[in-house]
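See structure below.
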Amino acid sequence: LVAAHRGGYADDREDRAPENTVANVAVAIRKGFDLYETDIQRTRDGVFVIVHDETLERETDGEGRVADLTLSELKALTKRYRDGSLSGEKVATLEELLVAGKGRIRYKADLKPGLVAHVDELARLLHRLGMEKEIFIRCSRKEAAEIGQVFDEGTSRIEVMVKLDTAEQVREIAARFSPRTIQINVEKDEEVSEGKIEAIRTATGLGILVETHSYADPVQREALVNAGVRMFHTALPEETIDWLRVKGWW
Numbered sequence: 051l052v053a054a055h056r057g058g059y060a061d062d063r064e065d066r067a068p069e070n071t072v073a074n075v076a077v078a079i080r081k082g083f084d085l086y087e088t089d090i091q092r093t094r095d096g097v098f099v100i101v102h103d104e105t106l107e108r109e110t111d112g113e114g115r116v117a118d119l120t121l122s123e124l125k126a127l128t129k130r131y132r133d134g135s136l137s138g139e140k141v142a143t144l145e146e147l148l149v150a151g152k153g154r155i156r157y158k159a160d161l162k163p164g165l166v167a168h169v170d171e172l173a174r175l176l177h178r179l180g181m182e183k184e185i186f187i188r189c190s191r192k193e194a195a196e197i198g199q200v201f202d203e204g205t206s207r208i209e210v211m212v213k214l215d216t217a218e219q220v221r222e223i224a225a226r227f228s229p230r231t232i233q234i235n236v237e238k239d240e241e242v243s244e245g246k247i248e249a250i251r252t253a254t255g256l257g258i259l260v261e262t263h264s265y266a267d268p269v270q271r272e273a274l275v276n277a278g279v280r281m282f283h284t285a286l287p288e289e290t291i292d293w294l295r296v297k298g299w300w
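Numbering of the sequence shown is given in the working numbering, commencing with residue 51 and proceeding in unit increments.
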C-alpha cells in the first residue's frame, strides 16, 4: 500500500491540485494511491480544517495562525501551489476532504498540536459520516494514551496508527489498542537497524499492518518489505508505485 504525503503534490500545478485540497483528492484517486495522508487543525470557531503548517503564509494568500481564524475567514483565502503561485482552490474542511474520497480512497491524518483534546468531537464527526474505518489517526505513544482515556469513557472509536520504535513498544500498544496498523519510525536516509527490523517482525507476527517512510534507498526499502512492511508513506507516491511494480510487489 502507498500513502501519499499531503495527497502527493510533486505535480501540483500540472494537476491543478495543491496539497490538502478537494481537487487533490480527485487526483490521488485517479492516480491509484491507496491512502491520502493529511493534516487536521481546528479553527477558532471549532471546525476541523485541512492545513499542514500552523501558519498560513506558505499554503495560502493569508497570514497568521490557523487556530486564530474562523472558518469563514479561512474560506476567504486561496490555496497556493508549491511554487507560491495562487490556485483556484480553497482551504478544505475535514468533512469536505473526507466526503470527496468516501468509499474510493482511505485516509491517514496527523493531529496538529492541541487536537487530542478534541478527539471525542472528531470521533463523532467520523461516526456521522460513517467513515470510522476509512481513516487512521496517526499519533505518538503519549497521544495514544490520551486517546485511550477518551475511549475508556465510551466515545465512538477511531482507528489509531501509533508511531513506534521498538518491539517492546509494539507489544505494549497491541495489548492496549488491538490496532490494525502501526508506523515504525524509519527516518530519511536512516539505515534500517536490527531493532527496527525486530519491531516490524513483531508487529507482523501479531497480524498488524506495518507502515514506514519510503525515503530510504532501494536496498533499505527492500529490507523493509522483506521484514514485513506493507505500507509506505511517501511524498513521491508515483515513484514508489513504479519501484514496487518493478519488484513485482504491486
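Each residue gets a CB set at the ideal place from its N, CA and C atoms; glycine is no exception.
Note that the structure is predicted; figures quoted are calculated from it, not measured.
Within 7 Å, strictly: CB atoms of residue i and residue j
{"i": "Y86", "j": "A60", "result": "no"}
{"i": "V99", "j": "T93", "result": "yes"}
{"i": "V242", "j": "E146", "result": "no"}
{"i": "T128", "j": "L136", "result": "yes"}
{"i": "V279", "j": "V260", "result": "yes"}
{"i": "I223", "j": "R154", "result": "no"}
{"i": "E184", "j": "R230", "result": "no"}
{"i": "L175", "j": "I208", "result": "no"}
{"i": "I234", "j": "T254", "result": "no"}
{"i": "D84", "j": "V52", "result": "yes"}
{"i": "D160", "j": "D89", "result": "yes"}
{"i": "P68", "j": "E139", "result": "yes"}
Whole-angstrom C-beta distance between residue j and residue i, which should lie under 8 Å
{"i": "V141", "j": "T110", "result": "7 Å"}
{"i": "K158", "j": "M211", "result": "6 Å"}
{"i": "G96", "j": "P287", "result": "At roughly 32 Å, the Cβ-Cβ gap does not stay under 8 Å, so G96 and P287 are not in contact."}
{"i": "D65", "j": "V77", "result": "5 Å"}
{"i": "T252", "j": "A217", "result": "4 Å"}
{"i": "V220", "j": "A249", "result": "5 Å"}
{"i": "L124", "j": "V149", "result": "With 8 Å as the limit, L124 and V149 do not qualify as a contact, their Cβ atoms being about 18 Å apart."}
{"i": "Q91", "j": "K192", "result": "No, Q91 and K192 are not in contact; Cβ-Cβ is about 19 Å, not under 8 Å."}
{"i": "F227", "j": "G198", "result": "7 Å"}
Classification of residue i by the beta-carbon crowding that lies within 10 angstroms, buried from 16 upward
{"i": "D267", "result": "exposed"}
{"i": "R188", "result": "buried"}
{"i": "R56", "result": "buried"}
{"i": "T120", "result": "exposed"}
{"i": "R63", "result": "exposed"}
{"i": "D133", "result": "exposed"}
{"i": "K246", "result": "buried"}
{"i": "E113", "result": "exposed"}
{"i": "N276", "result": "exposed"}
{"i": "S264", "result": "buried"}
{"i": "R271", "result": "buried"}
{"i": "V169", "result": "buried"}
Residue i - partner residues in DSSP beta bridges
{"i": "L321", "result": "Because the chain spans 51 through 300 in this model, residue 321 falls outside it and cannot be assessed."}
{"i": "E87", "result": "K158"}
{"i": "H283", "result": "A53, H263"}
{"i": "I100", "result": "I90, A142"}
(request) Enumerate, from N- to C-terminal direction, the unbroken alpha helix (DSSP H) stretches of 4 or more residues contained entirely within the stretch 161-244. (result) 169-179, 191-202, 217-227
(request) Could you pull out every unbroken alpha helix (DSSP H) segment of at least 4 residues lying fully inside the stretch 102-127, listed in chain order? (result) 121-125
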